[in-house]
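S.K.: This is the structure I want to talk about, given as structure tokens.
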Amino acid sequence: MKSKMVKIFLVMLVSSFSQNIYAEYETKSIFSESYKCTATKSGGFRHSGSGSNLVIFRPDEEYFLTHISNIPKEVIFKMIDKPIIDSLGNNEDRIREAVEKRYMKQINVGDEIVIEESSYFIRTQEENPKDRITYFNACTRIKGSYISCYEGNTLTRFHFFVETGRFVYSYAGTWHSPSKQLVEDSSFIFGECKKYFM
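Just add 65 to wherever you are in the sequence shown, counting from 1, and you've got the numbering used here.
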């Protein structure tokens, strides 16, 4: 009788352990939405050898803010090393958890303020959402406030205020650069963001 009870207990323990290992992925982020942001106004300064002129540009830009939990499966499997993927049994949920643990950092400041670094990634409409390189530009989100992104350098900044649904994108340009070969315009882009379902 004791032997039978021990076997039942072990079966239940193994079953429970297996369920925990392969439990469905749930993000630890306090956010989950992704956004599509469309420009409505665009302007700035056009720089040339003879000076700089204030101009209005055609607002045709679009940006996508992808939450870490919404990154396509093809990319998730490229965001960590293959030996780790193998050790996780090629299980998508476990790999998503590992990717989130590796990239996202959550900081609690008091009771109300939560800052999440690398819980969002920004891309333009030209960038392929299924390409690993697209997810190098990570963003920071502050609860109840904004999402802020730097696109690979400090010359470019994207700021989206979640409460208003509006964003501003700025690029400093290269007017101040010592190199005279490449002169790029300085620009500001304004627009609105809406939830985007991938």
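Note that beta-carbon positions come from the ideal geometry of N, C-alpha and C, so glycine has one too.
Considering only C-alpha positions, which residue in the set 111, 204, 235, 115 is nearest to residue 121?
M.R.: Selected option, being the one with the closest Cα: 111.
S.K.: Compare the beta carbon distance of residue 223 and residue 211 with 7 Å and say whether it is the shorter of the two.
M.R.: Going by C-beta atoms, residue 223 is not nearer than 7 Å to residue 211.
S.K.: Any chance the CB of residue 140 is under 6 Å from a heavy atom of the ligand COA?
M.R.: As presented, the structure is devoid of all ligands, the ligand COA included, so that no description of it is given.
S.K.: Under DSSP, the beta strand (DSSP E) around residue 234 begins and ends at which residues?
M.R.: Start and end: 231 to 236.
S.K.: Pick out whichever of 177, 199, 155 has its Cα sitting closest to the Cα of residue 187.
M.R.: It is 199.
S.K.: With which residues is residue 225 paired in a DSSP beta bridge?
M.R.: Per DSSP, 212, 232.
S.K.: Determine, using beta-carbon pairs with one atom in the stretch 144 to 161 and one in the stretch 174 to 185, whether at least three such pairs fall under 8 Å.
M.R.: Counting Cβ pairs under 8 Å, fewer than three are found: no touch.
S.K.: CA-CA distance, residue 191 and residue 233?
M.R.: Cα to Cα, residue 191 sits roughly 19 Å from residue 233.
S.K.: From residue 102 to residue 131, what distance separates their C-alpha atoms?
M.R.: So the alpha carbons of these two residues sit roughly 11 Å apart.
S.K.: Taking 7 Å as the threshold (C-beta atoms), are residue 109 and residue 244 in contact?
M.R.: Cβ distance not < 7 Å, so residue 244 and residue 109 don't count as in contact.
S.K.: Who pairs with residue 171 in a beta bridge, going by DSSP?
M.R.: Bridge partners of residue 171: 181.
S.K.: Do residue 195 and residue 137 have their CB atoms nearer than 7 Å?
M.R.: In contact: residue 195 and residue 137 (Cβ atoms closer than 7 Å).
S.K.: Since I believe residue 261 is in contact with residue 99 (beta carbons under 8 Å), could you give me their beta-carbon distance rounded to a whole number of angstroms?
M.R.: Sure, about 5 Å apart at Cβ, within 8 Å.
S.K.: Rank 236, 238, 206, 235 by C-alpha distance to the C-alpha of residue 227 and give the top, closest one.
M.R.: The option with the nearest alpha carbon to residue 227 is 206.
S.K.: Name the DSSP beta bridge partners of residue 112, please?
M.R.: Looking at the DSSP assignment, residue 112 forms a beta bridge with 117.
S.K.: By Cβ distance below 8 Å, which residues in the same chain neighbour residue 94 in space, the five residues on each side in sequence not counted?
M.R.: Excluding positions up to five away in sequence, the list reads 132, 133, 134, 165, 169, 171, 181, 184.
S.K.: Where does the unbroken alpha helix (DSSP H) through residue 139 begin, and where does it stop?
M.R.: Segment 138 to 141, the alpha helix (DSSP H) holding residue 139.
S.K.: Report the partner residues of residue 254 according to the DSSP bridge assignment.
M.R.: Paired residues: 107, 234.
S.K.: So the candidates are 256, 238, 258; which of them puts its Cα closest to the Cα of residue 249?
M.R.: Minimum Cα distance to residue 249 is reached at 238.
S.K.: For the alpha helix (DSSP H) holding residue 207, just list the boundary residues, first then last.
M.R.: From DSSP, residue 207 is part of no alpha helix (DSSP H) but of the beta strand (DSSP E) over 203 to 207.
S.K.: Answer with buried or exposed for residue 256, where buried requires no fewer than 16 other C-beta atoms within 10 angstroms of its C-beta.
M.R.: Buried is the call here.
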